[in-house]
Ligand code: FES
Ligand SMILES: [Fe+2]
């Protein structure tokens, strides 16, 4: 591994990250990887989400193979039981199963459910989740798309989501118009850990295949996009077309490991309320598929946060601001030579 400035997985333990769609977590425990750490996700008796290390302290078996019993998770190998705080409460092989040694515990982490996603922070989080009232407003229709698992770091996936220059090339006719490749002027305002920017940009006309956007005006359509990029990997994008119709794109990328990520999309709209979810989901699957082959070809697989790396022009203002903000907040740092790309630190 060459030296350079990359996302610092250790610093990101103090951030909330998505680890699953909430609908994907039912009565059975589920495995997830976050920042190189194997997790087991499960629901307690009250339905609340729990996250713990997915390694039974006895023999290292994945607890996600086990089962939930009341407010405890039971290991599949020898039936040891664990509470949500990670403490082992019973060892069936002992004459008195409750005589559990103090060392019998696994790490437990903060977890919450919001916007249809399960979120985990591996250490005390620095910032709360973004506020997106539209997604909790019963008058908006909400649909999820993904998850999209890519062989790159979460920063590459986030930068791709915010990259304006590629729309006519990677998504011609769907998100961009090849006849209008010029990126309009836009400025980025960074406030704390949030980047704000707005752009009015050329859009492809709504296609018959995917009639999901609300552009209706005569002449070449334009989309107004107001972005909030919450460090490190969450984007709230609000789209309007000059009228009452609005769409919210909520995108968050899970840093699975230093060179793996999984993206989750939650979309709200206040029009086309009865449209079948599959229309938007098929559209997103198409868009993310077009992006994936390009982004997975990028080298390095991780965003190099040193501004001297890669060539930035004026229309790349978001990437430049993102790279500066990630460094300023300590979320990206010098990676030592020989740094293990798969390790948690
Ligand atoms: S490995 Fe989990 S109880 Fe033995
Ligand atoms: Fe794209």
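Numbering (this note's numbering), first residue to last: 39 to 383. Where a beta carbon is used, it is the ideal one built from N, C-alpha and C, also for glycine.
Item	Value
Mapping the DSSP letters down to three states, classify residue 251 as helix, strand or coil.	coil
Could you pull the start and end residues of the alpha helix (DSSP H) that residue 368 belongs to?	Per DSSP, residue 368 belongs to no alpha helix (DSSP H) and is neither H nor E.
Quick check: does the Cβ of residue 328 come within less than 8 Å of any heavy atom belonging to ligand 2?	yes
Assuming residue 202 contacts residue 221 (C-beta within less than 8 Å), just tell me the rounded distance between them.	5 Å
Could you name the residues that DSSP lists as bridge partners for residue 151?	156
Does the region 269 to 278 come into contact with the region 130 to 142, if we say contact requires no fewer than three beta-carbon pairs (one atom in each stretch) closer than 8 Å?	no
With respect to 8 Å, is the separation between the Cβ of residue 124 and the closest non-hydrogen atom of ligand 1 below this value?	no
Are there 16 or more other CB atoms within 10 angstroms of the CB of residue 91, so buried, or fewer, so exposed?	buried
State buried or exposed for residue 301, treating a residue as buried only when at least 16 other CB atoms are found within 10 Å of its CB.	buried
Return yes when at least one heavy atom of ligand 1 lies under 8 Å from the C-beta of residue 117, else no.	yes
Since residue 308 is in the beta strand (DSSP E), which residue starts that stretch and which ends it?	No beta strand (DSSP E) holds residue 308; DSSP gives it neither H nor E.
Less than 8 Å separating the Cβ of residue 325 from some heavy atom of ligand 2?	yes
Please report how far the alpha carbon of residue 181 lies from the alpha carbon of residue 305, in whole angstroms.	5 Å
Using a Cβ-Cβ cut-off of 6 Å (strictly less than) and excluding sequence neighbours within five positions of residue 193, which residues of its own chain qualify?	45, 341
Which same chain residues end up closer than 7 Å to residue 125 when comparing Cβ atoms and leaving out the 5 residues on each side of it in sequence?	143
Return yes when the Cβ of residue 312 is within less than 9 Å of the Cβ of residue 164, no when it is not.	no
What separation, rounded to the nearest whole angstrom, lies between the Cα atoms of residue 356 and residue 363?	10 Å
Residue 295: which of 117, 168, 174, 188 sits nearest, CA to CA?	188
Rounded to the nearest angstrom, what separates residue 260 and residue 112 at their Cα positions?	55 Å
For the pair the region 196 to 215 and the region 168 to 183, tell me if three or more CB-CB distances fall below 8 Å.	no
So for residue 62, helix, strand or coil by DSSP?	helix
Can you check which of these residues, 95, 160, 149, is closest to residue 73 by C-alpha distance?	160
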